[in-house]
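The structure appears below as structure tokens.
In the numbering used here, the protein residues as written are 79 to 375.
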């Protein structure tokens with residue numbers, strides 16, 4: 079265990095840019111690459127839908143080099159950490175107790191795995207128990223460690239919503255996974271979307287909102303088209319790519335109609351192609367392809 083203070087070169091860069099950044103006790107190792115981080119938080123009483131959505135997002139992001147930040151709580155947090163590790167990625171757990179106190183206790187094996195493939199962090203001294211008054215401060219630190227916060231299932235009043243609020247205050251992106259309107263665990267997430275949070279259906283929805291320097295840092299997205307495999311012709315991405323031309327800009331509504339897809343799905347496919355270096359968006363929501371080599375082949 080080490081103690082890091084703002085100004086230490088090992089201190090997380092994103093958090094160090096926050097006013098009144100706390101000293102951190104750390105188990106495990108922090109890497110400079112952990113600055114490419116997304117926090118995923120949500121209900122402790124997660125539904126199977128929430129767990130599945132979390133597993134997909136955390137796995138897809140972690141597998142592309144994005145560090146997953148969460149709070150080691152039951153439910154969504156646990157799913158986020160586990161899926162990041164299963165994808166071979168890195169994850170950071172931010173605690174509301176000392177780093178030597180695992181809460182909930184059944185996550186002790188998970189905490190050991192996180193320590194080996196990421197870090198356990200806390201602003202509270204060793205031995206400090208998990209107290210209710212600690213969690214608002216913990217949530218601010220959690221938000222400060224990430225480029226954005228994704229809320230997957232949250233009741234009308236929850237710590238996940240507090241974390242999202244801190245993200246907004248700190249100038250970070252806020253995202254939410256939509257849920258059933260009849261589910262109490264989705265009330266908070268759905269309200270975040272109503273209030274302007276980015277609606278998330280896939281990992282591309284998250285990456286597309288990041289500043290360009292961070293989008294380019296996502297693994298597999300920065301290579302030029304000639305160094306990447308073209309989308310499979312039969313895939314949704316491949317079909318969308320076939321609709322694009324390098325010298326004939328098309329409005330997104332025209333592409334949606336031609337593709338016969340839901341607007342959100344078509345928009346996500348275009349973003350995927352843009353991040354992969356196969357398409358480019360021009361002014362006025364018009365799109366062109368960049369993959370001339372594949373067409374000539």
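We put the beta carbon where it would ideally sit given N, CA and C, even for glycine.
Predicted model, so just to flag it, every value in this text is computed and none were measured.
Its chain contains 360, 364 and 366 as the residues whose beta carbon lies nearer than 6 Å to that of residue 327, once the 5 sequence neighbours on both sides are disregarded; these appear in chain order. Contact between residue 151 and residue 122 holds, since their C-beta atoms are separated by about 5 Å, short of 8 Å. Secondary structure note for residue 259: it is in no beta strand (DSSP E), with a DSSP letter that is neither H nor E.
Residue nearest to residue 286 within the set 89, 225, 329 and 165 is 225 (criterion: CA-CA distance). With contacts defined by Cβ atoms closer than 8 Å, residue 291 and residue 349 do not form a contacting pair. Straight across, the Cα-Cα distance linking residue 106 with residue 197 is about 4 Å. DSSP, reduced to helix, strand and coil, places residue 292 within a helical segment of the structure shown.
When 340, 318, 336 and 337 are compared, the shortest CA-CA separation from residue 352 is found for 318.
When secondary structure is reduced to three states using DSSP, residue 349 falls in the helix class. In the structure shown, residue 297 adopts coil according to DSSP, grouped into three states.
By the 16-neighbour rule on beta-carbons within 10 angstroms, residue 159 is buried. Within its own chain, the residues whose Cβ lies closer than 6 Å to the Cβ of residue 162, once the five positions on either side in sequence are excluded, are 136, 140, 146 and 169, listed in chain order.
Taking 3 residues as the shortest admissible run, the region 146-219 contains the following complete beta strand (DSSP E) segments, listed from N- to C-terminal end: 169-172 and 196-200. Residue 116 is positioned such that its CB atom lies closer than 8 Å to that of residue 228.
For the pair residue 266 and residue 238, the CB atoms are nearer than the 8 Å cut-off. The three-state secondary structure of residue 328, taken from DSSP, is strand.
A Cβ-Cβ distance of about 13 Å is found for the pair residue 201 and residue 221, leaving them out of contact under the 8 Å criterion. Per DSSP, reduced to three states, the secondary structure at residue 137 is helical. In the structure shown, residue 124 falls within a coil segment according to DSSP collapsed to helix, strand and coil. Contact check for residue 133 against residue 171 fails: the beta carbons are separated by 8 Å or more. Burial of residue 347 is indicated by the presence of at least 16 other C-beta atoms within 10 angstroms of its C-beta. When DSSP states are grouped into helix, strand and coil, residue 315 belongs to the helix group. When DSSP states are grouped into helix, strand and coil, residue 278 belongs to the coil group.
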